[in-house]
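Report on the structure given below.
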Amino acid sequence: MKLLIHQIHLPLDYKESDIVSAAARKLGCSEESLSDLRMIRRSVDARSRRDAPKFSMTIEVEYCGTELPENNSDIEISDSLPYLPQKMDFTRNIPFRPFVAGAGPAGLMAALSLAEAGLSPILIERGAMAKERSSQVARFWNHGELDPESNVLFGEGGAGLFSDGKLTARSKDRPRVRRFLTTLVECGAPSDILFDAEPHLGSDALYRIVPNLRKRIEQFGGEVRFNSRLDHLIIENKTLRGVVINREEIRTDACVLATGHSARDVYDMLADAGVPSESKAFAVGVRIEIPQHRIDRAQWGNYAGHPRLGAASFRLTRKKEGKYRACYTFCMCPGGSVIACASSHGKLTTNGMSLSKRAKNSANTSLSSSMAAVVAVIVHVQ
232 MKLLIHQIHL
242 PLDYKESDIV
252 SAAARKLGCS
262 EESLSDLRMI
272 RRSVDARSRR
282 DAPKFSMTIE
292 VEYCGTELPE
302 NNSDIEISDS
312 LPYLPQKMDF
322 TRNIPFRPFV
332 AGAGPAGLMA
342 ALSLAEAGLS
352 PILIERGAMA
362 KERSSQVARF
372 WNHGELDPES
382 NVLFGEGGAG
392 LFSDGKLTAR
402 SKDRPRVRRF
412 LTTLVECGAP
422 SDILFDAEPH
432 LGSDALYRIV
442 PNLRKRIEQF
452 GGEVRFNSRL
462 DHLIIENKTL
472 RGVVINREEI
482 RTDACVLATG
492 HSARDVYDML
502 ADAGVPSESK
512 AFAVGVRIEI
522 PQHRIDRAQW
532 GNYAGHPRLG
542 AASFRLTRKK
552 EGKYRACYTF
562 CMCPGGSVIA
572 CASSHGKLTT
582 NGMSLSKRAK
592 NSANTSLSSS
602 MAAVVAVIVH
612 VQ
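Numbered according to my numbering, the sequence shown spans residues 232 to 613.
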């Protein structure tokens, strides 16, 4: 039987064989009774009550025995099943190829799912391929030359291509989340993203991974068009009849909008087309920098600098007190840089970016506060 074993605690310098030994102790069985061990989750427990940080793990293992320890909530029978996209023949039901607008993570995975299902999607992206886009971003950072269609926010890989590449998934649909992570590994991501509690890739790794994901879409029959802007949706009687791409009208009855929040013209276009929308709360704030060694020391204590720990991160929240708003940190980038990420002339925003090794001397994070959509906010930074 396959089992999930939780709360396996091991020191920082553990060996793979130590995991099997710890699992056998939990079960009260011999190590020979266990096989096919797979890491499901790994996090660092650095709470102050411990003498030293430890890894806390959940593993899946094949157990050849028939009896389980009684009253042990750390052990359960595994019911994990892989997500397998079903390939179907839609040719009779869908006469037109579906469109996906936006080549960020959502758009890339939507296009891949449609391609694997045999629907031959067309993925359009207003920006350029990753390689060309990287040169455009370098010109912006070094010389202030902004291309409003292809920049830090728009282009293959989305805004995440020039960020930390954090893989935060709040969905409870674990099979699909794992399928997404597995796809990234198959496209060149390190396998530890499958089990680390706070997985990340880094912008340098994404630069290699994202083009492989695009090629995978094409291998399954999808088409990817860069420098292709969604100008208009053709809607008749509240039904999608087509799209206008770079002033070319194309028939379709399905379009996935994965355009991100920075494509403000898309929301204007939807309003003009009569698509209903509603306002939502948003956050406003500043990005702050902190010396990375101070965070490492605060989180890891005397073990700061241990090669298995890497750069430490943190999250902070403060509840509302009287007239003062609640605030929180968001998108923390250990060992990274603060970058300019404008997508419009005359406007400036910032973001954080880390490479895969997170080796720079400073960390940065957004310090934000949520606002109602109708509130106008002026932020004074001293």
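Think of the CB as a built atom: it goes at the ideal place given N, C-alpha and C, for glycine as much as any other residue.
When you compare only the Cα positions, how much space is there between residue i and residue j?
{"i": "leucine 661", "j": "serine 601", "result": "It is not possible to answer for residue 661, since the shown part of the chain is limited to 232 through 613."}
{"i": "isoleucine 519", "j": "arginine 410", "result": "34 Å"}
{"i": "phenylalanine 513", "j": "isoleucine 290", "result": "38 Å"}
{"i": "valine 569", "j": "tyrosine 294", "result": "49 Å"}
{"i": "isoleucine 466", "j": "alanine 504", "result": "7 Å"}
{"i": "proline 284", "j": "asparagine 302", "result": "28 Å"}
{"i": "proline 421", "j": "arginine 278", "result": "27 Å"}
{"i": "alanine 400", "j": "serine 597", "result": "19 Å"}
{"i": "asparagine 443", "j": "cysteine 418", "result": "5 Å"}
{"i": "lysine 591", "j": "serine 544", "result": "13 Å"}
{"i": "aspartate 499", "j": "valine 506", "result": "10 Å"}
{"i": "asparagine 458", "j": "glutamate 356", "result": "6 Å"}
{"i": "asparagine 533", "j": "proline 329", "result": "55 Å"}
{"i": "lysine 578", "j": "asparagine 382", "result": "13 Å"}
{"i": "valine 608", "j": "threonine 560", "result": "Note that valine 608 scores a pLDDT of 41, beneath 50, so its modelled location is shaky; the value from the coordinates is reported in the next line. Cα to Cα, valine 608 sits roughly 18 Å from threonine 560."}
{"i": "alanine 557", "j": "lysine 403", "result": "27 Å"}
{"i": "aspartate 527", "j": "arginine 539", "result": "13 Å"}
{"i": "glutamate 247", "j": "arginine 256", "result": "15 Å"}
What does the Cβ neighbour count give for residue i, buried or exposed, with the cut at 16 atoms within 10 Å?
{"i": "tyrosine 555", "result": "exposed"}
{"i": "lysine 446", "result": "exposed"}
{"i": "arginine 364", "result": "buried"}
{"i": "glutamate 376", "result": "exposed"}
{"i": "leucine 586", "result": "buried"}
{"i": "glycine 396", "result": "buried"}
{"i": "valine 275", "result": "buried"}
{"i": "threonine 297", "result": "exposed"}
{"i": "leucine 547", "result": "exposed"}
{"i": "methionine 563", "result": "buried"}
{"i": "arginine 405", "result": "exposed"}
From the DSSP output, in three-state form, read off residue i for me.
{"i": "proline 442", "result": "helix"}
{"i": "glutamate 247", "result": "helix"}
{"i": "isoleucine 325", "result": "coil"}
{"i": "threonine 202", "result": "Because the chain here runs from 232 to 613, residue 202 falls outside it and cannot be looked at."}
{"i": "valine 383", "result": "coil"}
{"i": "alanine 390", "result": "helix"}
{"i": "arginine 539", "result": "coil"}
{"i": "leucine 345", "result": "helix"}
{"i": "aspartate 503", "result": "helix"}
{"i": "arginine 281", "result": "coil"}
{"i": "glycine 375", "result": "coil"}
{"i": "glycine 452", "result": "coil"}
{"i": "glutamate 262", "result": "helix"}
{"i": "phenylalanine 545", "result": "coil"}
{"i": "phenylalanine 513", "result": "strand"}
{"i": "glutamate 520", "result": "strand"}
{"i": "arginine 357", "result": "coil"}
{"i": "valine 606", "result": "Residue placement at valine 606 cannot be trusted, given a pLDDT of 46 that sits under 50; what the coordinates show is reported in the next sentence. Coil."}
{"i": "leucine 415", "result": "helix"}
If residue i and residue j are in contact, beta carbons under 8 Å, what's the gap, nearest whole angstrom?
{"i": "asparagine 477", "j": "arginine 460", "result": "6 Å"}
{"i": "glycine 541", "j": "arginine 472", "result": "About 51 Å separates the two Cβ atoms, so there is no contact after all."}
{"i": "leucine 234", "j": "glutamate 307", "result": "7 Å"}
{"i": "methionine 270", "j": "phenylalanine 426", "result": "4 Å"}
{"i": "valine 487", "j": "alanine 359", "result": "At roughly 21 Å, the Cβ-Cβ gap does not stay under 8 Å, so valine 487 and alanine 359 are not in contact."}
{"i": "alanine 529", "j": "proline 565", "result": "Between proline 565 and alanine 529 the Cβ distance is about 12 Å, and since that is not below 8 Å, they are no contact."}
{"i": "glutamine 238", "j": "aspartate 282", "result": "Not confirmed; about 18 Å, so no contact."}
Using a Cβ cut-off of 9 Å (strictly closer), state whether residue i contacts chain E.
{"i": "lysine 554", "result": "You won't find chain E in this structure, because it holds only one protein chain."}
Validate contact between the stretch 422 to 437 and the stretch 378 to 396 using beta carbons, cut 8 Å, 3 pairs: These segments touch.
Cβ contact (3+ pairs, closer than 8 Å) linking the stretch 489 to 498 and the stretch 327 to 338: With a cut-off of 8 Å on Cβ pairs, the stretch 489 to 498 is in contact with the stretch 327 to 338, counting three or more such pairs.
Inter-stretch contact (C-beta, 8 Å, three-pair minimum) for the stretch 343 to 354 and the stretch 450 to 457: The stretch 343 to 354, when compared against the stretch 450 to 457, does touch it at the 8 Å Cβ threshold.
The stretch 522 to 531 contacting the stretch 569 to 581, beta-carbon criterion three pairs below 8 Å: Touching, no.
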